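The next block holds one structure in the form of structure tokens; read it before the comments.
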DNA sequence: GTATTTACCTGACTTAAGTCAGCTTTATGA
DNA sequence: TCATAAAGCTGACTTAAGTCAGGTAAATAC
């Protein structure tokens, strides 16, 4: 390779600024200055609180106020005082505003499609984009508690099954693998953690109480796009915090010899290998960790 | 996957605009407004002609003039009338300008490094970035004639050898594969084409005269980052043009059964399979194409 | 040689964006 | 209860960016 790493990185910046610079200026096509358009779009994307908007767009309080006034007199947004704190204001789109917002959405979609459509290996490209976006947005990764039946959790779990099936060469059967029923992985019996990076589900991890002070960690999965960012470690740490809150003192988990990265993680974070404790045919290694009560 | 293709694409735009927006505003740290800084950087990157600068930065003639005046009074650039056309002006950095420019370079490198350094699978990330940048900059791909010993050609050829070695599971031996010596692939006996995308070598293709009006196509390679963009077809078309200019009427090439994409390309673009014409142990299929003289 | 075009420059202007001090209203803590 | 802080608004300002109509000098066309 004749280009060094930094040059390759900066090559991406150039490509995207050229491209998204065009995207930004396409926003001018609807007659609003960019600042006003940005505010309208942020509101359309669900930001409601004025303070939240200001932080997100990094705008001065006075400027923000004026931009909101512009949109208000145009009739695309409506503001009212917050119920909880009458000093704060909440903003929402009017019917007209929804309409205007959808025009911007359409523009963005068009420009995305125009790039995607002229490239034949779409999935390869999208996976590369997922990876780049996730690494760049690394600081925005959010871990939250979600319901086991949340579609975002489901998509992670499905990806987990697919991956295991691929590694083992046979269809992974979740029942054989000891799939805990959903109830076991939501409060009060357990918890299911979901990691999101700007709308994309990139990882999950579940905890179920086994009885008494014993818990089991299940469904630990991190998307290929998010590997190498220390996400599994973060998920593990959070799961342990939840375990302590549930009053658990011992955690167990099983894993396979082929998942070497996972095993290294467990070994380096206080888990020790123990005897087989279940009859999961996919598992070859069993680990245990004692938790200090909070 | 809960996100559709367009959302995944737009996720990248957001990530990079946030990131490179930060990059842009980091340029403000040196005290110059962004417009002036952009002009300085474009000059540092080798743009010399005022008209070229204006087209590249998409600036109005008057505004451009004023920005240049600002930089000139600051002492970082010098302008003079062009030797060929005294109406035109050429710009260059002064010693002070070089110094200032290198500060911006340093800033860009720092911000690139700060992202790269906190991610463990650097090569995977860079390959994803190569792909994304190449697809976005698809319209900027340039095919030029290069010397067989040009380091950019060498890096392509090395990648070609590595890939073939991987596919065949053994070390590919270029001598067994009938590597034509460099002289055979430069004028007047042949040609070596190089495809570049914003500084990154992404493909090559060589032509050597076999004697009389017979030529052979060798070293056709396209980087994984550029597959699916129709680059191999473009390379093939250009090689045929060069072949005609060299007075060749028949082209031959050999390929392996494992390179199915290559074979499909040949079959769909006027090549027909022929008998083995050499003793290259890596080759299993042989093709020929007759050219209509120009 | 003269008319036209081209490349760049200058001055006068508009708009967008951002800053800052001070204001009102509401919440909060001693 | 009263001082203080917080959230948002308004007015006055600055700077950056961009537009446009001329203007000059050089090149090119007729």
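Residue numbers (the working numbering), protein chains in the order written: chain A, -11 to 282; chain B, -11 to 282. Glycine included, every Cβ here is placed at the ideal spot set by N, Cα and C. Since the structure is predicted, the reported quantities are computational estimates derived from the model, not experimental observations.
- A straight-line Cα-Cα distance of about 28 Å links residue 120 of chain A and residue 221 of chain B.
- According to the DSSP assignment, residue 150 of chain B belongs to the alpha helix (DSSP H) that extends over 139 to 156.
- DSSP lists no bridge partner for residue 121 of chain B.
- Excluding its 5 nearest sequence neighbours in each direction, residue 193 of chain B has C-beta neighbours in its own chain below 6 Å: 181, 208, 223, 227, listed in chain order.
- Leaving aside the five residues that flank residue 29 of chain A on each side, the residues in its chain whose CB is nearer than 6 Å to its CB run, in chain order, 92.
- Contact of residue 107 of chain A with chain B is assigned, a C-beta pair being separated by under 8 Å.
- Assignment of beta-bridge partners to residue 79 of chain A by DSSP yields A:67.
- Here DSSP, grouped into helix, strand and coil, assigns residue 34 of chain A to coil.
- For residue 194 of chain B, there is no enclosing alpha helix (DSSP H); the enclosing beta strand (DSSP E) covers residues 188 to 199.
- Residue 229 of chain A sits in a helix when the DSSP states are folded into three classes.
- Here DSSP, grouped into helix, strand and coil, assigns residue 207 of chain A to strand.
- Excluding residues up to 5 positions away in sequence, 201, 203 lie with their Cβ nearer than 6 Å to the Cβ of residue 236 of chain B in the same chain.
- Following the DSSP letters along the chain, one finds residue 183 of chain B inside the beta strand (DSSP E) bounded by residues 178 to 185.
- Between the beta-carbon of residue 212 of chain B and that of residue 140 of chain B there is about 17 Å, and that puts the pair past the 8 Å contact cut.
- Between residue 247 of chain A and residue 264 of chain A, the alpha-carbon positions lie close to 17 Å from each other.
- By DSSP's assignment, residue 132 of chain A forms a beta bridge with A:182.
- In the displayed model, residue 274 of chain B falls within a strand according to three-state DSSP.
- Secondary structure of residue 236 of chain B (DSSP, three-state): coil.
- Within the stretch 165 to 189 of chain B, those residues whose Cβ lies closer than 9 Å to any Cβ of chain A are, in chain order, 185, 186, 187, 188, 189.
- The C-beta of residue 266 of chain A comes no closer than 8 Å to any C-beta of chain B.
- Contacts between residue -7 of chain B and chain A, judged by CB atoms closer than 7 Å, involve 104, 110, 114 in chain order.
- In the structure shown, the three-state DSSP call for residue 260 of chain A is strand.
- In this structure, the alpha-carbon of residue 80 of chain A lies about 16 Å from that of residue 72 of chain A.
- For the stretch 116 to 140 of chain A, the set of residues with a beta-carbon nearer than 9 Å to any beta-carbon of chain B comprises 116, 117, 118, 119, 120, 121, 122, 123, 124, 125, 126, 128, 139, 140, in chain order.
- Interface flag for residue -1 of chain A against chain B is set, since a Cβ pair is found closer than 8 Å.
- Secondary structure of residue 127 of chain A (DSSP, three-state): helix.
- Closer than 8 Å to the CB of residue 100 of chain A there is at least one CB belonging to chain B.
- The beta carbons of residue 217 of chain B and residue 123 of chain B sit about 7 Å from each other, so the pair counts as a contact at 8 Å.
- The C-beta of residue 96 of chain A comes closer than 8 Å to at least one C-beta of chain B.
- When A:109, A:36, A:40 are compared, the shortest CA-CA separation from residue 249 of chain B is found for A:109.
- Taken atom to atom, the span from the alpha-carbon of residue 16 of chain A to that of residue 90 of chain A is near 15 Å.
- By the Cβ rule, the stretch 264 to 281 of chain A does not count as touching the stretch -4 to 3 of chain B, because fewer than three pairs are nearer than 8 Å.
- For residue 215 of chain A, the chain B residues whose C-beta falls within less than 8 Å of its own C-beta are 109, listed in chain order.
- Shown here, residue 242 of chain A sits in a strand according to DSSP, grouped into three states.
- The three-state secondary structure of residue 217 of chain A, taken from DSSP, is coil.
- Here DSSP, grouped into helix, strand and coil, assigns residue 202 of chain B to strand.
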